[in-house]
Amino acid sequence: MNDNCEWLHRIFEPLPMYRYPYRQDCIPPNGIYFMYEVCEAHSTQGNKLRITRVGSHTGQGNLPKRLGQHFSPSDKWMNFRNDQPKASDRSIFRKHIGRAILNRSGDPYIGVWEIDFIKKNNRMEKKHLRDIDKEISLEKQITEWIRNDISYKFILVDDKNKRCRLEGHCISTIAYCKRCHLSKTWLGSDCTNRVVSEAGIWNDKHVSGPGIYTSDKKAIEEAVAKTLEWLKRCE
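Quick note: the sequence shown uses my numbering, first residue 141, plus one each step.
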């Protein structure tokens, strides 16, 4: 797994790194994104950043929308009432970050933060527990942290089944790696989701999967080449 993780980081080197703000027209409709984090180094490649999250999307054509849910939730999602979902209910990445921020400061509000207000019964039965001003303030803090600390690369993968398979195998490859040591100050260490804090990656699904196969490597190499060709339109 260690060598495969190093291979993954190396194969993505030719791809451009993006930060917020980014051009929407330079994001393909379908693909897998790989997030890198300030102060998190890939130990086998010196001071180069390590991948701390891998993600994709379910609906076809939704990669730009999914990245927007992480980096730049709409005003509607950021200005919610106690009978509406918060922005982080739509982004598990943001929810994990909120967990870590609250837990690091010992804030007991984490119990309310854990509630999924996408579910109608929770919105109706537990809305009285919410401090909306506090949640909106935390959502703004999460957005600021992502925009300041996270950059990303992506590969173009149109086929949904292939996309899901490669995403899962990449996640487990990175999670299993013993060379990618998280920094002492990594925010994810304080995430109350133990899968995240122990794996050292902002993912809690697929971390115990099989890792990438030889056939996956070929598919990833082809995706990188296809992505570089597609990106010529942004030059």
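Ideal Cβ positions, reconstructed from N, Cα and C, are used throughout, including at glycine.
Please classify residue i as buried or exposed, where buried requires at least 16 other C-beta atoms within 10 Å of its C-beta.
i           : result
residue 177 : buried
residue 325 : exposed
residue 169 : exposed
residue 307 : buried
residue 203 : buried
residue 219 : exposed
residue 164 : exposed
Which same chain residues end up closer than 7 Å to residue i when comparing Cβ atoms and leaving out the 5 residues on each side of it in sequence?
i           : result
residue 256 : 229, 262
residue 313 : 141, 144, 145, 148, 351, 352
residue 199 : none
residue 302 : 359
residue 335 : 344, 347
residue 187 : 181
residue 300 : 200
Note down, in chain order, each residue of its chain lying with its Cβ closer than 8 Å to the Cβ of residue i, except the 5 sequence neighbours on either side.
i           : result
residue 341 : 191, 192, 193, 194, 311, 314, 315, 328, 347
residue 364 : 151, 152, 154, 155, 295
Name, in chain order, the residues that DSSP records as bridge partners for residue i.
i           : result
residue 177 : 290
residue 193 : 175
residue 242 : None; residue 242 has no bridge partner.
residue 360 : None; residue 360 has no bridge partner.
residue 158 : 292
Does the separation of the CB atoms of residue i and residue j fall below 8 Å?
i           : j           : result
residue 278 : residue 241 : yes
residue 155 : residue 354 : no
residue 376 : residue 239 : In the structure as shown, the chain begins at 141 and stops at 375. Residue 376 is therefore absent and cannot be evaluated.
residue 267 : residue 215 : no
residue 160 : residue 287 : yes
residue 309 : residue 356 : yes
residue 221 : residue 282 : no
residue 285 : residue 232 : no
residue 166 : residue 371 : yes
residue 317 : residue 196 : no
residue 337 : residue 157 : no
CB-CB under 6 Å to residue i, same chain, minus the five flanking residues each way: which ones, in chain order?
i           : result
residue 289 : 177, 178
residue 213 : 227
>> Within 8 Å, do at least three Cβ pairs link the region 289 to 299 to the region 160 to 180?
In response: yes
> Can you find at least 3 beta carbon pairs, one from the region 264 to 282 and one from the region 241 to 255, that sit closer than 8 Å?
Replying inline: A contact between stretches requires three or more CB pairs, one per stretch, nearer than 8 Å, and the region 264 to 282 meets this requirement with the region 241 to 255.
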